[in-house]
Every structure is written in structure tokens, then in C-alpha cells.
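Undergrad: Dropping the structure in here first, questions after.
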Amino acid sequence: MANHANAMSKVKILVVGDSGVGKSSLVHLMCHGEALSNSSWTIGCSIEVRVHEYREGTPSQKPYFIELWDVGGSNSHKNARHVFYNPVHGIILVHDLTNRKSQLNLRRWLAEVLLREGSGSKARTPLVEDFDAEQFGGFSQLPVFVVGTKQDQISEYRTSGRVRSCSLADECSADEIYVNSHDQRSLAPGSSNAVKLSRFFDKVIERQQTTTTTTARTDTGYSYLERENSMYRRNKSTSAFISMG
Numbered sequence: 169m170a171n172h173a174n175a176m177s178k179v180k181i182l183v184v185g186d187s188g189v190g191k192s193s194l195v196h197l198m199c200h201g202e203a204l205s206n207s208s209w210t211i212g213c214s215i216e217v218r219v220h221e222y223r224e225g226t227p228s229q230k231p232y233f234i235e236l237w238d239v240g241g242s243n244s245h246k247n248a249r250h251v252f253y254n255p256v257h258g259i260i261l262v263h264d265l266t267n268r269k270s271q272l273n274l275r276r277w278l279a280e281v282l283l284r285e286g287s288g289s290k291a292r293t294p295l296v297e298d299f300d301a302e303q304f305g306g307f308s309q310l311p312v313f314v315v316g317t318k319q320d321q322i323s324e325y326r327t328s329g330r331v332r333s334c335s336l337a338d339e340c341s342a343d344e345i346y347v348n349s350h351d352q353r354s355l356a357p358g359s360s361n362a363v364k365l366s367r368f369f370d371k372v373i374e375r376q377q378t379t380t381t382t383t384a385r386t387d388t389g390y391s392y393l394e395r396e397n398s399m400y401r402r403n404k405s406t407s408a409f410i411s412m413g
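Here the sequence shown is numbered in our numbering, starting from 169 and rising by one per residue.
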């Protein structure tokens, strides 16, 4: 078993969103199938791991370690958290269903991650502060998953049709689910939410599998972001590529 575990492949998924939306409780539910008894603010980054059976029930079934990097959402750490963004194979965007602003801010979170992780490990000043589907079209094919938390607190609004789905999920062709992280039934095996999450993990693994190089810049779509956001760096990168050839 030990040898099998050592040989098991892994993928890294960022879990981002505003402070207080319930990222830590969500990650705990995903990894342990139970509610987090004592939640606290995340400072820096907290990492949880779960085993996922890729393409379960098929001849291609294979276990993978899924690393969920729960990144603290405090603005006071905004300039330091970029160190967690490189490399990454998938992104989970989390918002609070009772807080419309936290949903709107997902655009800024996605832009921050794509720009930072696409620029390597060094901190850079973001050239845009909001995700724009047209500008970032094909941004690197990183799988995205959107989760709305605190579903138990908005049941009366759901019945009246006042809960709106996240438009960003549509723009990214991403699945979206609503959960109550204090109720393990939200991600119960076989449930619609669990099936969507499993499908997302499969996409993340397939994204990693199709990567043809091991360099973080290539793996995270460095070329595309550089072309779109800095003419100078684009020309410099092209010159370097020609020199290497």
C-alpha cells in the first residue's frame, strides 16, 4: 500500500473567494465528508488532501491525490498570496449565497489568479482587476468550478426565485453548485452536487495529463497571458523562443 501511495499522482486546485464565505468549511466537507466543528479564519493558506478515483467504474479508473489549497481571502495579504498560485491545475471559486458582493468579487479573484500564476512566482502588478471573458478567452483551459455556500440561510429566497446563478460560471463553461457545508448531505455520494464535483476533478486531472511540459509557465498558460497583457514581454518572449530554436 505504501508503494502504491507513493506512486499516486496528484493535482493542485486553488480554492479562492472573499473572507468569511466558508471556504475552509467547504474544503473540510469535500475531504472528510463531515462538517467542520470549529472554523477559523485562514491566514495564508491551508491545504487539505482527498483521494479521487479518476473515471471511476471504467477501465481507465485510477486514484489521484487532490490537493485543495484554501487561500485566505483577507485584503491585508493580497500582495503575498500570489506565492500559492503557481502552478495550479484547477480553480474552485467560492461565494456566499447571502452576500451578493462576494459573488461579484469572483471575477476579481479569477483575474488575480490567472494573472499572478501566469506570470510565474514573482509578484507583479495586475494589469487588469476584473475577469473579462473576451480578453481571457482560452485563458489556459484551467477547469473552473463555482460553489455557493450557506444554502441553508437562503431557502426562502430560492423558493421565490431570488437566487441568481453566477454569470461567471456560464462565461467559463463551469458547473455551479449550492451547498450547506454544515450538512454532509450537500455532497452525499451519488447526489447531483457530488457528481458535478467528481466531473470537475476528472477535468482537472485531464488538464494535467494533457500538459506537454513540466514547466509552470507553459502549464499555466503563460504565453497567452503575456501576449494579451504586455506587448513588451510578448516580444521579449518571442525573441527568446526563436533564440532557443
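C-beta atoms are modelled at their ideal positions from N, C-alpha and C, and glycine is treated no differently.
Taking all protein chains shown into account, do 16 or more other C-beta atoms lie within 10 angstroms of the C-beta of Lys290, making it buried, or fewer, making it exposed?
TA: Only weak support exists for where Lys290 lies, its pLDDT of 47 falling under 50; the value from the coordinates is given anyway. Exposed: under 16 other Cβ atoms inside 10 Å.
Undergrad: In whole angstroms, what is the alpha-carbon distance linking Ser354 and Arg367?
TA: Their backbone Cα atoms lie some 16 Å apart in a straight line.
Undergrad: By the three-class DSSP mapping on this structure, what secondary structure does Ser177 have?
TA: Note: Ser177 maps to strand in three-state DSSP.
Undergrad: Determine which residues share a DSSP beta bridge with Ser360 and list them.
TA: Answer by DSSP bridge pairing: none, since Ser360 is not bridged.
Undergrad: Output the boundary residues of the beta strand (DSSP E) element that contains Cys340.
TA: Careful: Cys340 lies outside any beta strand (DSSP E) and carries neither H nor E.
Undergrad: Is DSSP giving Glu374 helix, strand or coil here?
TA: If DSSP states are grouped into helix, strand and coil, Glu374 belongs with the helices.
Undergrad: Check the C-beta distance from Leu336 over to Leu278 and give it rounded, since I have them as a contact under 8 Å.
TA: Indeed they touch by this definition, with Cβ atoms about 7 Å apart.
Undergrad: Quick check: the segment 253-266 against the segment 210-225, are there 3 or more CB pairs under 8 Å?
TA: With the cut-off at 8 Å, the segment 253-266 and the segment 210-225 do not touch.
Undergrad: Could you tell me the boundaries of the alpha helix (DSSP H) in which Lys191 lies?
TA: Element bounds for Lys191: Lys191 to His200.
Undergrad: With 16 as the cutoff for other CB atoms within 10 Å, does Lys371 come out buried or exposed?
TA: Label assigned to Lys371: buried.
Undergrad: Using a threshold of 8 Å, state whether the C-beta atoms of Gly258 and Asp186 are closer than that.
TA: Result no, Cβ atoms of Gly258 and Asp186 do not sit closer than 8 Å.
Undergrad: Using C-beta distances below 6 Å, list every residue in its chain close to Arg284, excluding the 5 sequence neighbours before and after it, in chain order.
TA: So the qualifying residues of the chain are His250 and Tyr253.
Undergrad: Who are Tyr232's beta bridge partners in DSSP?
TA: Answer is Ser177 and His220, bridged to Tyr232.
Undergrad: Would you mind giving the Cβ-Cβ distance between Ser207 and Ser192, rounded to the nearest angstrom? I have them listed as a contact below 8 Å.
TA: Right, their Cβ atoms sit about 6 Å apart.
Undergrad: So for Asp186, helix, strand or coil by DSSP?
TA: Asp186 falls in the coil class under three-state DSSP.
Undergrad: With a CB to CB cut of under 6 Å and the five nearest residues on each side skipped, what residues in its chain are close to Asn348?
TA: So the qualifying residues of the chain are Gln319, Asp320 and Ser354.
Undergrad: What's the C-alpha gap between Ser359 and Ser341?
TA: If I take the Cα positions, the gap works out to 21 Å.
Undergrad: Could you say which of Ile215, Met198, Phe233 and Gly201 lies nearest to Ala175 if we only look at CA atoms?
TA: Minimum Cα distance to Ala175 is reached at Phe233.
Undergrad: With DSSP collapsed to three states, give me the class of Ser333.
TA: Of the three classes helix, strand and coil, the one that applies to Ser333 here is coil, per DSSP.
Undergrad: Quick check on this structure: which residue in Thr226, Val314 and Cys213 has the alpha carbon closest to the alpha carbon of Ile260?
TA: With distances taken between Cα atoms, Ile260 lies closest to Val314.
Undergrad: Which residue marks the beginning of the alpha helix (DSSP H) containing Leu272, and which one marks its end?
TA: Run containing Leu272: Arg268 to Leu272, per the alpha helix (DSSP H) assignment.
Undergrad: With a threshold of 16 other CB atoms inside 10 Å of the CB of Gln271, please say whether the residue is buried or exposed.
TA: With 16 or more other Cβ atoms within 10 Å, it is buried.
Undergrad: By alpha-carbon positions, which one of Ser333, Glu280 and Ile373 ends up nearest to Asn247?
TA: That would be Glu280, whose Cα lies nearest to the Cα of Asn247.
Undergrad: In terms of DSSP beta bridges, what is Leu261 paired with?
TA: Answer by DSSP bridge pairing, in chain order: Val184 and Val314.
Undergrad: State buried or exposed for Trp237, treating a residue as buried only when at least 16 other CB atoms are found within 10 Å of its CB.
TA: Label assigned to Trp237: buried.
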